[in-house]
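**Q** Sharing a structure, written as structure tokens. Questions coming.
Chains as they are written, first to last, in the numbering used here: chain X, 1 to 243; chain S, 1 to 243.
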């Protein structure tokens, strides 16, 4: 069985529309490349009780959980407090984290910077030679800063730490037919390849095709067969391309 | 009290990273403009049981709920079935919806198109002169197609139907100081204006500033006061602009 994952995106700024969320797609693609199945994503406000209840449930139901946001030094950064609350432990200063902050900022290290060394008791502070500023793993929960540039950088570190399972493979067939008229052909391939996950995605903005049909599986041969079987069922003048 | 909202984003393609989710920010901004508070967003796979359980809980806990995706005619479009399952009612053909589909497609209306007229029993089929293709409201749940161009169009229709409360207002101050060093000044304004929601957002990519501090409230005067009080506390050479 593939490992499962969930994510908790934390921040009033996402729910108010001040900022367009940009981290989920990066996380989803990283997990996909590792063969880990992302099952559930929740977006919640900067509220300790809400975050604590949700992260506790997500942690219980999935192999690995990621939080995005709320790990800075200001009053609206409550992720560490919420995680500690969820598991009934105190927030403590991590000596390694504090040392890394002092190393990073030198004489400019302020009280505000050092606040970021406060983590739920029992956390592991994770870093490596490529990513020196650490992130926190607490139980099966990785807490990542929400700023997209930083988030992407941390994902590389996490991918190295999690390691890869067998990746999920995908193929796609693009056609000029609209979804409603493709339905009988899609139903055929779904029935014939029950072990392949088939997805159907219309577009209204791409002038080159109307519907993209995707075939996902761990088995390269099966998705090649399913994709070819479907492509050959599409009328030649409605077929655009396979990839 | 402001009305509350939640959203359920449905689709394997989001969780696998095949598609970057684009509807949430549009929904969030629309709700914000109406004065409705978006409290929670969940992203889940195309699975009837998962969707049914989540939509039921979201519907119970919020004034209004939106689903994005899963309303087309293919096998992976299970939103209508899941909503019906959640409330223990059958899926039925809505005569108005069927009539509008026949009107829209004329002689090209296929069995696949007509499948889209199937809705949970008790649904209202909503359209107006500007948006002729209907969407479904079932209890307090509005179901919107996931294709971004269509989603945006439907939001306008929904906004007209929901009507506006008093909008939440916002001001922002941009500074060159990093968040950790701004913290004492932010703590001051938070303590002085407990009725104003203060947010603090660092950037690593904008060369013109380091931290944006936002002030939100229903009361224009209070956010003007809070914003001015904070701006005047920032050293002049670190202040960038207010807006």
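Yeah, the Cβ is synthetic: ideal placement off N, Cα and C, and Gly gets one too.
Quick caveat: nothing in here was measured; it's all calculated off a predicted structure.
Would the region 114-131 of chain X and the region 157-164 of chain X be scored as touching if the rule is three or more Cβ pairs under 8 Å?
**A** Yes: at least three Cβ pairs fall under 8 Å.
**Q** Can you pull the chain X neighbours of residue 42 of chain S, defined as C-beta to C-beta under 8 Å?
**A** Position 42 of the second chain, counted from the first residue, corresponds to residue 42 of chain S. The contacting residues are 40, 41, 42, 43.
**Q** Please decide whether residue 202 of chain X counts as near chain S, where near means a Cβ-Cβ distance under 8 Å.
**A** Translated into the one-based positions of the first chain, residue 202 of chain X becomes position 202. It does; some Cβ of chain S falls within 8 Å.
**Q** Where do the ends of the beta strand (DSSP E) carrying residue 226 of chain X lie?
**A** Position 226 of the first chain, counting from 1, holds the residue named residue 226 of chain X. Looking at the DSSP string, residue 226 of chain X is not in any beta strand (DSSP E); the run it does join, the alpha helix (DSSP H), is 220-233.
**Q** By DSSP, does residue 212 of chain S sit in helix, in strand, or in coil?
**A** Position 212 of the second chain holds residue 212 of chain S. Three-state result, residue 212 of chain S: strand.
**Q** Under 9 Å between beta-carbons, which chain S residues line up against residue 126 of chain X? List them in chain order, please.
**A** If you number the first chain from 1, residue 126 of chain X lands on position 126. The premise fails here: residue 126 of chain X is roughly 20 Å from chain S at the closest Cβ pair, so nothing lies under 9 Å.
**Q** Give every residue of the same chain whose Cβ lies closer than 6 Å to the Cβ of residue 142 of chain X, excluding the five residues on either side of it in the sequence, and list them in chain order.
**A** Position 142 of the first chain holds residue 142 of chain X. Result list for residue 142 of chain X: 66, 158, in chain order.
**Q** Using the beta-carbon count (16 or more within 10 Å), is residue 208 of chain X buried or exposed?
**A** For the purposes of this step, residue 208 of chain X is taken as the residue at position 208 of the first chain. Per the 10 Å Cβ criterion, exposed.
**Q** Just to confirm, are residue 8 of chain X and residue 44 of chain X a CB contact at a threshold of 8 Å?
**A** Residue mapping note: residue 8 of chain X aligns to position 8 of the first chain, counting from 1. Residue mapping note: residue 44 of chain X aligns to position 44 of the first chain, counting from 1. Cβ atoms of residue 8 of chain X and residue 44 of chain X: closer than 8 Å.
**Q** I'd like to know if the region 26-41 of chain S and the region 221-228 of chain X are in contact, where contact means that at least 3 CB-CB pairs between them fall below 8 Å.
**A** No, the region 26-41 of chain S is not in contact with the region 221-228 of chain X.
**Q** Compute the distance between the beta-carbons of residue 132 of chain X and residue 63 of chain X, then report whether it is under 8 Å.
**A** What you label residue 132 of chain X is simply residue 132 of the first chain in a count that begins at 1. What you label residue 63 of chain X is simply residue 63 of the first chain in a count that begins at 1. No. Outside cutoff.
**Q** Determine the direct distance from the alpha carbon of residue 217 of chain X to that of residue 195 of chain X, and round the result to whole angstroms.
**A** The residue you call residue 195 of chain X lines up with position 195 of the first chain. The residue you call residue 217 of chain X lines up with position 217 of the first chain. Looking at the two C-alpha atoms, the distance is approximately 7 Å.
**Q** Go through its chain and collect everything with a Cβ distance to residue 169 of chain X's Cβ below 8 Å, but skip five positions before and after it.
**A** Numbered from 1 along the first chain, position 169 holds the residue referred to as residue 169 of chain X. Taken in chain order, the residues that qualify are 216, 217, 218, 219, 220, 223.
**Q** So, with DSSP's three-state summary, where would you put residue 203 of chain X?
**A** As a position in the first chain, residue 203 of chain X is number 203, starting the count at 1. Residue 203 of chain X falls in the coil class under three-state DSSP.
**Q** Determine, for residue 130 of chain X, whether the minimum Cβ-Cβ distance to residues of chain S falls below 8 Å.
**A** For the purposes of this step, residue 130 of chain X is taken as the residue at position 130 of the first chain. Residue 130 of chain X does not count as touching chain S.
**Q** Can you find the residues in the same chain that come closer than 6 Å, C-beta to C-beta, to residue 231 of chain X, ignoring five residues on each side of it along the sequence?
**A** For the purposes of this step, residue 231 of chain X is taken as the residue at position 231 of the first chain. Excluding residues within five positions, the ones whose Cβ falls inside 6 Å are 173, 242.
**Q** Report the rounded CA-to-CA distance for residue 47 of chain X versus residue 40 of chain X, giving the unit in angstroms.
**A** Here residue 47 of chain X refers to the residue found at position 47 when the first chain is read from its first residue. Here residue 40 of chain X refers to the residue found at position 40 when the first chain is read from its first residue. Each residue's Cα considered, the two are about 20 Å apart.
**Q** Do residue 21 of chain X and residue 24 of chain S come within 8 Å of each other at the CB atom, strictly closer than that value?
**A** Here the question's residue 24 of chain S lines up with position 24 in the second chain. Here the question's residue 21 of chain X lines up with position 21 in the first chain. The answer is yes: Cβ separation under 8 Å.
**Q** Just list the alpha helix (DSSP H) runs in the region 155-187 of chain X, keeping only unbroken ones of 4 residues or longer that don't cross its boundaries, in chain order.
**A** Runs found: none.
**Q** Residues of the region 142-173 of chain X in Cβ contact with chain S at a cutoff of 7 Å, in chain order, please.
**A** Of all residues in the region 142-173 of chain X, 147, 149, 150 have a Cβ within less than 7 Å of some Cβ in chain S.
**Q** What's the call for residue 192 of chain X, buried or exposed, on a 16-neighbour Cβ count within 10 Å?
**A** For the purposes of this step, residue 192 of chain X is identified with residue 192 of the first chain, where counting begins at 1. Burial call: exposed.
**Q** Using a C-beta to C-beta distance shorter than 9 Å, which residues of chain S count as neighbours of residue 218 of chain X?
**A** What you label residue 218 of chain X is simply residue 218 of the first chain in a count that begins at 1. Those do not exist, as residue 218 of chain X stays about 13 Å from chain S at its closest Cβ, beyond 9 Å.
**Q** What residues from chain S crowd round residue 34 of chain X, counting only those whose CB sits closer than 8 Å?
**A** As a working mapping, residue 34 of chain X is identified with position 34 in the first chain. Residues of chain S passing the Cβ test: none, with the nearest at roughly 11 Å.
**Q** For the alpha helix (DSSP H) that contains residue 96 of chain X, what are its first and last residues?
**A** On the first chain, position 96 is the one that residue 96 of chain X refers to. Segment 95-105, the alpha helix (DSSP H) holding residue 96 of chain X.
**Q** Can you confirm whether residue 186 of chain S, when its beta carbon is compared against all beta carbons of chain X, has any partner nearer than 8 Å?
**A** As a position in the second chain, residue 186 of chain S is number 186, starting the count at 1. Taking Cβ atoms only, chain X reaches closer than 8 Å to residue 186 of chain S, which makes this a yes.
**Q** Comparing the C-beta of residue 102 of chain S with each C-beta of chain X, is any distance below 8 Å?
**A** Taking the first residue of the second chain as 1, we reach residue 102 of chain S at position 102. Cβ-Cβ to chain X under 8 Å: no for residue 102 of chain S.
**Q** Figure out for me which residue from X/239, X/156, X/144 has the closest Cα to the Cα of residue 68 of chain X.
**A** Numbered from its first residue, the first chain carries residue 68 of chain X at position 68. Of the listed residues, the one whose Cα sits closest to residue 68 of chain X is X/144.
**Q** What's the C-alpha gap between residue 87 of chain X and residue 49 of chain X?
**A** Counting from one through the first chain, the residue named residue 87 of chain X turns up at place 87. Counting from one through the first chain, the residue named residue 49 of chain X turns up at place 49. Roughly 12 Å between the two C-alpha positions.
**Q** Go ahead and pull the three-state DSSP assignment for residue 74 of chain X.
**A** Within the first chain, residue 74 of chain X is the residue found at index 74, counting from 1. Looking at residue 74 of chain X - three-state DSSP - the assignment turns out to be coil, as it is neither helix nor strand.
**Q** Please list the partners that residue 29 of chain S has in chain X, where partner means a Cβ-to-Cβ separation under 7 Å.
**A** Taking the second chain and counting its residues from 1, one reaches residue 29 of chain S at position 29. In chain order: 17.
**Q** Go ahead and pull the three-state DSSP assignment for residue 148 of chain S.
**A** To locate residue 148 of chain S, count along the second chain from 1; it is residue 148. The answer is helix: DSSP assigns residue 148 of chain S an H, G or I state.
**Q** Keeping to the same chain, check which residues put their C-beta closer than 6 Å to that of residue 201 of chain S; ignore five residues upstream and five downstream.
**A** By one-based count along the second chain, residue 201 of chain S stands at place 201. So the list reads 212, once near-sequence residues are dropped.
**Q** With 16 other CB atoms within 10 Å as the buried threshold, where does residue 54 of chain X fall?
**A** Along the first chain, read from residue 1 onward, the residue named residue 54 of chain X stands at position 54. Residue 54 of chain X comes out buried.
**Q** Counting only beta-carbon atoms, is residue 180 of chain X nearer than 8 Å to chain S?
**A** Working through the first chain from its first residue, we reach residue 180 of chain X at position 180. Yes, residue 180 of chain X lies at the interface with chain S (some Cβ there is under 8 Å from its Cβ).
**Q** Determine, using beta carbons only, whether residue 206 of chain X comes closer than 8 Å to chain S.
**A** For this step, residue 206 of chain X is matched to residue 206 along the first chain. By this cut-off, residue 206 of chain X is not an interface position.
**Q** Given this structure, state the Cα-to-Cα distance separating residue 59 of chain X from residue 140 of chain X, to the nearest angstrom.
**A** Counting from 1 along the first chain, the entry for residue 59 of chain X is found at position 59. Counting from 1 along the first chain, the entry for residue 140 of chain X is found at position 140. Approximately 7 Å, taken between the alpha carbons.
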